[in-house]
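Protein chains in written order, with the numbering used here: chain A, 2 to 118; chain B, 2 to 110. Cβ coordinates follow ideal geometry from the N, Cα and C atoms, glycine included. As the structure is a computational prediction, the values presented were derived from the model and not from experiment.
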């Protein structure tokens, strides 16, 4: 079974520029997550989708971050304009379990490492 | 905020059992204990989860105390490839995982 695919693996931009990350979840997984992981910290949830609807975006800085999941499959996370503190690894994960129930595991991609200069 | 407390780092000799503790004294009755690990430059990987009973799979064993306020992840025969950050997570009655800072396990030869 193919895993969660993310691209690009690495991106370097200057502050105030924009960047987009792409995620292709495991086939058939209804729930998709984006996490931000700053160096030395655990991953922090930014947004959760179930199919193409947003379940939780309470931690997403909406003034500069946006995410969408068209057709309930692939997802993109965009940052515009980027700030120095956005330097982090952006992790995408998917799960076959629907929101609100116990059990089930999340499958993570390898992440996209963003450096903002 | 994470609802668990873990030691920041531990060492273990290769071939020995690694016992990683986790304190979750405020766990609710319907919350599960999950363990994930993150090897350097990779995404987190699911290890095991449990509610009340001890659990075992091909990767590890999970021991949960009777009062459910703490648990221990056991890697029975640690190898160098088990060097990683291990996260203990109490999963709320929603889908999301909330990560803390975890325990950095270093397995040495």
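For the beta strand (DSSP E) holding residue i, just list the boundary residues, first then last.
i: residue 79(A); result: 76–80
i: residue 54(A); result: 54–57
i: residue 51(B); result: 46–51
i: residue 7(B); result: No beta strand (DSSP E) contains residue 7(B), which DSSP labels as neither H nor E.
i: residue 118(A); result: Counting along the chain, residue 118(A) falls outside any beta strand (DSSP E), and DSSP gives it neither H nor E.
i: residue 89(A); result: 89–96
i: residue 48(A); result: 45–51
i: residue 72(A); result: No beta strand (DSSP E) holds residue 72(A); DSSP gives it neither H nor E.
i: residue 22(B); result: 19–24
i: residue 38(A); result: 32–38
Within this structure, are the beta carbons of residue i and residue j separated by less than 8 Å?
i: residue 63(B); j: residue 36(B); result: yes
i: residue 81(B); j: residue 90(B); result: no
i: residue 5(A); j: residue 27(A); result: yes
i: residue 38(A); j: residue 47(A); result: no
i: residue 107(A); j: residue 44(A); result: no
i: residue 12(A); j: residue 95(A); result: no
i: residue 73(B); j: residue 24(B); result: no
i: residue 114(B); j: residue 53(B); result: Because chain B is modelled from 2 through 110, residue 114(B) falls outside the range shown and cannot be assessed.
i: residue 49(A); j: residue 23(A); result: no
i: residue 14(B); j: residue 78(B); result: no
i: residue 111(A); j: residue 43(B); result: yes
Given a threshold of 16 other Cβ atoms within 10 Å of its Cβ, counted over all protein chains shown, does residue i qualify as buried or as exposed?
i: residue 76(A); result: buried
i: residue 78(A); result: buried
i: residue 101(A); result: Bear in mind that a pLDDT of 47 at residue 101(A), under 50, signals an unreliable position, so the model cannot answer this.
i: residue 66(B); result: exposed
i: residue 16(B); result: exposed
i: residue 40(A); result: exposed
i: residue 12(B); result: exposed
i: residue 115(A); result: buried
i: residue 68(A); result: buried
i: residue 45(B); result: buried
i: residue 85(A); result: exposed
i: residue 30(B); result: exposed
i: residue 118(A); result: exposed
i: residue 6(B); result: exposed
i: residue 10(A); result: exposed
i: residue 64(A); result: exposed
i: residue 109(A); result: buried
i: residue 68(B); result: exposed
Please go through the same chain and pick out, in chain order, the residues whose beta-carbon is closer than 8 Å to the beta-carbon of residue i, but skip the five residues on each side of it.
i: residue 29(A); result: 97
i: residue 71(A); result: 53
i: residue 10(B); result: 104, 105, 106, 107
Looking only at its chain, what residues have a beta carbon closer than 6 Å to the beta carbon of residue i, apart from the 5 residues adjacent to it on each side?
i: residue 100(B); result: 88
i: residue 86(B); result: 39, 103, 105
i: residue 73(A); result: 52, 53
i: residue 50(B); result: 33, 35
i: residue 21(A); result: 77, 79
i: residue 60(B); result: 48
i: residue 25(A); result: 6, 75
i: residue 110(B); result: 15
i: residue 66(A); result: 80
i: residue 90(A); result: 38, 112, 114
Can you list, in chain order, the residues of its chain whose CB lies under 7 Å from that of residue i, leaving out five sequence neighbours each side?
i: residue 18(A); result: 82, 83
i: residue 26(B); result: 70
i: residue 58(B); result: 49
i: residue 60(A); result: 45, 46, 47
i: residue 92(B); result: 32, 33, 35, 98
Please list, in chain order, the chain C residues whose beta carbon lies closer than 8 Å to that of residue i.
i: residue 99(B); result: Considering every chain present, this structure includes no chain C. Its protein chains are A and B.
Mind pulling the alpha helix (DSSP H) runs of 4 or more residues that sit fully within the region 62–103 of chain B?
-> For the region 62–103 of chain B, not a single whole alpha helix (DSSP H) run of length 4 or above is found.
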